[in-house]
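Heads up, the thing below is written out as structure tokens.
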Amino acid sequence: MEATAQYKSGLKREDFQAVINGKETDLFFLTNENGVEVAITNYGGSVAAIMVPDRNGKFANVIQGHDSIQGCLSSPEPFLSTLVGRYGNRIAHGKFQLRGKEYNLAINNGPNHLHGGPTGFHARVWDAEQINEHSLVLRYTSAYYEEGFPGELKMTVLFTLTEDNELMIDYKGTTNKKTIVNMTHHGFFSLAGIANPTPTCEDVICEINADFFIPIDETCIPTGEIRSVKGTPFDFTTPHTVGERIDDQTCEQIKNGAGYDHCYVLNKKEVGELSFAARITEPQSGRTMEVYTTEPGVQFYSDNWADGYTGQHGATFGRRSALCFEAQHFPDSPNKPHFPSVVLNPGEIYTQKTIYKFGVAE
């Protein structure tokens, strides 16, 4: 077993090794020639560390996570930097229809279904295969009617760390019966570096490549409207700090989300193209992150509900100490026929590619 000293994150594989429901969990490390390090556990595909340098070359972990499998299992935030499926985001009242039949899902977020349910992909042990020091493959077969979803879904997720300091996530899925799929990864990014306490993200400068966003009701379900960002606190077509308008109580949408918790309709030249979605810059450290995705939307979440709970190495995660950019299809799409389809048929292949690229502001 590797000596821990070689890992910047200070994480130990043995702290993530357990047997859960007959399957072994472990921690896997990806590295590149720049000294960047990514640590991923096959329990829920949770990314436990992304070690990247600031403008002075000082490395820090810029993603919120835990330092043991026990921490993951008992986390106050079950979706902390995990894979999410079968359906990322919310489905109204946990109901949808397919082929004229109604399906009922777990209600785990107010009156709605969220992120695949309490035993969704974030809470499953995936089969792991480390290809080389840059690449990790995770595989999971979701049984028919798991969490109420129809069809057996076979999902493969490839994590790759490139020499350009990109964490690339490639998804592929097939089903034996018509089903719905909307995968995402729920990274909680803290570019200042996690700490005790982890600094607020309200001074982070944000840009989102979207002229429209999706308004929500008071239970965070889309109203069905696709609204222009112009003249609203949701306009990040030019750079703004996250905190500048986050508490604008004159804005009903800010109140409904308790800040930002909305899906942006990304500007695309063609459906499914891999294109720029968002960029954030942390002014103190100079660290930057760019997001690219094939997905039509990105859920921008400003971590409005964290209460200062403890994570990795004693770091504490307070309200608005992280930013999430969950590349995905739109929330409640099965109940909104005018939203892009999330239906996967037998014989088709579900694909998605999202890239998180780390750098330093010039």
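All the letters of the sequence shown, read from the start, carry residue numbers 145 to 506 under our numbering. Here a beta-carbon is modelled for each residue, glycine too, at the ideal position from N, C-alpha and C. The structure presented is a predicted model; accordingly, all values stated were derived computationally and were not measured.
- Between residue 425 and residue 373, the gap from beta carbon to beta carbon reaches 8 Å or more.
- Going by DSSP, residue 251 is part of no alpha helix (DSSP H) at all; its letter is neither H nor E.
- A residue is called buried once 16 or more other Cβ atoms fall within 10 Å of its Cβ, and residue 415, having fewer, is exposed.
- The C-beta of residue 285 has fewer than 16 other C-beta atoms within 10 Å across all chains shown, which makes the residue exposed.
- By the neighbour-count criterion, in which 16 or more other beta carbons inside 10 Å mark a residue as buried, residue 308 falls on the exposed side.
- If you draw a straight line from the Cα of residue 181 to the Cα of residue 195, it is about 5 Å long.
- Annotated three-state conformation of residue 428 is coil, per DSSP.
- In this structure, the alpha-carbon of residue 485 lies about 26 Å from that of residue 379.
- CA-CA distance, residue 163 to residue 320, rounds to 29 Å.
- Annotation: the continuous beta strand (DSSP E) that includes residue 317 extends over 310-319.
- Short of 6 Å from the beta carbon of residue 392, and not among the five residues preceding or following it, lie these beta carbons of its own chain, in chain order: 377, 398.
- Looking at the DSSP output, residue 445 sits in a beta bridge with 405, 468.
- By the neighbour-count criterion, in which 16 or more other beta carbons inside 10 Å mark a residue as buried, residue 482 falls on the exposed side.
- If you look at residue 350, you'll find it in the beta strand (DSSP E) that goes 349-352.
- Within its own chain, the residues whose Cβ lies closer than 7 Å to the Cβ of residue 339, once the five positions on either side in sequence are excluded, are 459, listed in chain order.
- Excluding its 5 nearest sequence neighbours in each direction, residue 332 has C-beta neighbours in its own chain below 7 Å: 207, 208, 224, 225, 447, 466, 468, listed in chain order.
- Under the three-state reduction of DSSP output, residue 478 falls in the helix class.
- By the criterion of a C-beta distance shorter than 6 Å, residue 299 is surrounded in its chain by 284, 317, once the five residues flanking it on both sides are discounted.
- A check of alpha carbon separations from residue 290 across 270, 265, 305 identifies 265 as the nearest.
- Rounded to the nearest angstrom, the gap between the Cα atoms of residue 237 and residue 445 is 21 Å.
- For residue 155, there is no enclosing beta strand (DSSP E), as DSSP marks it with neither H nor E.
- Separation of the CB atoms of residue 409 and residue 440 is rounded to 7 Å, and the pair is thereby assigned contact status at 8 Å.
- For the pair residue 259 and residue 228, the CB atoms are nearer than the 8 Å cut-off.
- Here the alpha carbons of residue 160 and residue 381 stand approximately 41 Å from one another.
- Residue pairing for residue 225: DSSP places it in no beta bridge.
- Residues 198, 199, 504, 505 of the same chain have their beta carbon placed closer than 6 Å to that of residue 430, with the five preceding and five following residues left out of the count.
- Contact between residue 269 and residue 302 does not hold, since their C-beta atoms are separated by about 18 Å, which reaches or exceeds 8 Å.
- In the displayed model, residue 422 falls within a strand according to three-state DSSP.
- Counting only the Cα atoms, residue 241 lies some 31 Å from residue 449.
- Taking all protein chains in view, the Cβ of residue 288 is surrounded by fewer than 16 other Cβ atoms within 10 Å, so the residue is classified as exposed.
- By the neighbour-count criterion, in which a residue is buried when 16 or more other Cβ atoms sit within 10 angstroms of its Cβ, residue 428 is exposed.
- In the DSSP annotation of this structure, the continuous segment of the alpha helix (DSSP H) that includes residue 214 starts and ends at 213-217.
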